[in-house]
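Chemist: Mind looking over this structure? Questions follow.
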Amino acid sequence: MKFKKNFFTNNDDIVDFDITDSTTRKVKEFYEKFPFPNYKLNDNKQTILEQGDKNSFAKELKSFIGFNKSMIEIGSGTCQLSNYLAIGTNNEICAFDSSLTSLKIGKKFAKENNIPNINFIRGDIFDKIFEDEIFDFILCNGVLHHTANPYKAFCSIVPYLKKNGYILIGLYNKIGRTRTNFRRYIYKIFGEKITMYLDPILRKIDKNSKDKIEAWIRDQYLHPVETSHTFDEVLNWFKLNNIEFINSIPQCSLFEEPSKSFFDKTKQGTFIERILQQFMMILSRYGSEGGLFIFVGRKK
166 MKFKKNFFTN NDDIVDFDIT DSTTRKVKEF YEKFPFPNYK LNDNKQTILE QGDKNSFAKE
226 LKSFIGFNKS MIEIGSGTCQ LSNYLAIGTN NEICAFDSSL TSLKIGKKFA KENNIPNINF
286 IRGDIFDKIF EDEIFDFILC NGVLHHTANP YKAFCSIVPY LKKNGYILIG LYNKIGRTRT
346 NFRRYIYKIF GEKITMYLDP ILRKIDKNSK DKIEAWIRDQ YLHPVETSHT FDEVLNWFKL
406 NNIEFINSIP QCSLFEEPSK SFFDKTKQGT FIERILQQFM MILSRYGSEG GLFIFVGRKK
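For my numbering, count along the sequence shown from 1 and bump the result up by 165.
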């Protein structure tokens with residue numbers, strides 16, 4: 166792994182860079198208290214593999230990446246996805262996050278389960294840490310909207326991507342997050358009990374998993390730094406940074422047949438189609454589970 170900045174390797178064998186940005190430090194401290202997502206006590210290589218395979222997006226991503234590739238997950242948290250993507254492959258995976266506590270959890274799991282092909286790196290997304298064009302894939306899901314300047318953060322990671330490499334970014338949608346915004350208002354007034362009933366994710370979590378419940382509530386309803394964005398905003402980000410739009414979840418075009426693969430080239434649709442798709446998120450599982458949308462692009 167080639168770096169542009171000075172670093173040190175701490176006692177947990179995690180490459181560590183100083184974090185000076187005040188907003189990044191605030192977000193780091195937020196996740197230090199309740200790392201997200203949590204592992205179950207009985208999780209091992211097999212259970213993580215089974216969980217990943219049940220998620221259609223994660224399973225297809227792993228299949229599409231294939232072998233002999235390099236990938237970075239920016240905002241990896243406790244590295245469950247990075248560990249899943251590394252299992253059974255010879256790919257070089259980089260788990261990157263601002264929270265040292267979260268990375269330690271992921272590193273511990275990888276070590277105990279003999280997953281050797283992951284580098285764990287703590288740093289700030291805004292710092293120029295890596296050399297240009299060293300990754301075949303960049304995954305940044307649910308991260309940019311927790312930064313001081315999401316577009317600037319996006320621009321800071323694009324140079325790391327190789328030509329023809331793929332970038333996947335997930336962001337909260339301004340329209341699709343309406344139900345979560347409503348639940349946040351309810352939470353502030355009535356607290357956890359009513360929110361547990363309204364939130365479909367909380368209803369699925371074992372009531373005895375207090376840490377997992379607390380981590381989800383904090384991430385969705387108490388986060389200190391959060392913005393939301395539109396399809397057209399991200400399309401413009403892609404255009405300004407020489408990224409070809411490939412696909413989105415949900416798809417931009419209202420009338421195009423659903424793509425067989427998340428990595429199939431699809432149409433951007435019209436402005437009206439994109440607006441309607443974002444309103445439709447409110448009534449779908451995308452809206453009920455947080456209003457997150459994903460854009461897939463390829464560097465020209």
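The beta carbon of each residue, even a glycine, is placed where N, CA and C say it ideally should be.
(1) Tell me the rounded alpha-carbon separation between Gly356 and Pro365.
(2) Let me confirm a value: Val390 is counted as buried when at least 16 other C-beta atoms fall within 10 Å, else exposed. Which label applies?
(3) Looking only at C-alpha atoms, which of Asp208, Glu454, Ile286 sits nearest to Asn338?
(4) So, for Leu363: in the same chain, excluding its five sequence neighbours on each side, which residues have a beta-carbon less than 7 angstroms away from its beta-carbon?
(5) Pro423: buried (16+ other C-beta within 10 angstroms of its C-beta) or exposed?
(6) Can you check whether the CB of Phe319 is closer than 8 angstroms to the CB of Tyr204?
(7) Does the separation of the CB atoms of Asn248 and Ile294 fall below 8 angstroms?
(8) State yes or no: is the C-beta of Ile322 within less than 8 angstroms of the C-beta of Ile239?
(9) Do you know whose CA, among Ala313, Thr431, Glu398, lies nearest Ser187's CA?
(10) By the DSSP assignment, the beta strand (DSSP E) with Phe458 in it spans what residues?
(11) Taking its Cβ as the centre, do 16 or more other Cβ atoms sit within 10 Å of Leu206, making it buried, or is it exposed?
(12) Which value, in whole angstroms, describes the spacing of the CA atoms of Glu194 and Leu304?
(13) Taking the straight line between their C-alpha atoms, what separation do you get for Asn209 and Gln245?
(14) Let's test the definition: count the other Cβ atoms within 10 Å of the Cβ of Arg368 and tell me whether it reaches 16, buried, or not, exposed.
(15) Would you call the CB atoms of Gly217 and Thr345 closer than 8 angstroms?
(16) What is the DSSP secondary structure of Gly240, reduced to helix, strand or coil?
(17) Name the residue from Thr360, Ile414, Asp181, Phe427 whose alpha carbon lies nearest to the alpha carbon of Thr266.
(18) Looking at Ala260 and Ile280, is the spacing between their C-beta atoms short of 8 angstroms?
(19) What separation, rounded to the nearest whole angstrom, lies between the Cα atoms of Ile237 and Lys432?
(20) Using the C-alpha atoms, what's the distance from Phe222 back to Phe285?
(21) Got a sec, what are the start and stop residues for the alpha helix (DSSP H) Leu265 sits in?
(22) Indicate whether Ile334 and Phe460 have their beta-carbon atoms separated by less than 8 angstroms.
(23) Give the list of continuous alpha helix (DSSP H) stretches no shorter than 4 residues that lie fully inside the stretch 297 to 369.
(24) Comparing C-alpha positions only, which one of His394, Ala380, Ser393, Thr189 sits nearest to Asp289?
(25) Since Ser228 is in the beta strand (DSSP E), which residue starts that stretch and which ends it?
(26) Determine whether the beta carbon atoms of Lys139 and Asn256 lie at a separation below 8 angstroms.
(27) To the nearest angstrom, report how far apart Ile370 and Glu379 are at their CA atoms.
(28) Taking the C-alpha atoms as reference points, what is the distance between Lys227 and Gln211?
(29) Excluding the five sequence neighbours on either side, which residues of its own chain have a C-beta within less than 7 angstroms of the C-beta of Gly307, listed in chain order?
(30) With DSSP run on the structure shown, which of helix, strand or coil describes Ile213?
Modeler: Quick look at the numbers:
(1) 16 angstroms
(2) exposed
(3) Glu454
(4) So the list reads Arg348, Ile351, once near-sequence residues are dropped.
(5) exposed
(6) No, the Cβ-Cβ distance between Tyr204 and Phe319 is not below 8 angstroms.
(7) no
(8) yes
(9) Ala313
(10) 457 to 464
(11) exposed
(12) Approximately 22 angstroms, taken between the alpha carbons.
(13) 11 angstroms
(14) exposed
(15) No, these two residues do not count as a Cβ contact at 8 angstroms.
(16) coil
(17) Asp181
(18) no
(19) 27 angstroms
(20) 23 angstroms
(21) 265 to 277
(22) yes
(23) 315 to 322, 343 to 355, 357 to 363, 365 to 369
(24) Thr189
(25) Element bounds for Ser228: not the beta strand (DSSP E) but the alpha helix (DSSP H), 221 to 230.
(26) Since the first residue of the chain shown is 166 and the last is 465, residue 139 is not available in this structure.
(27) 11 angstroms
(28) 16 angstroms
(29) Gly240, Gly335, Leu457
(30) helix
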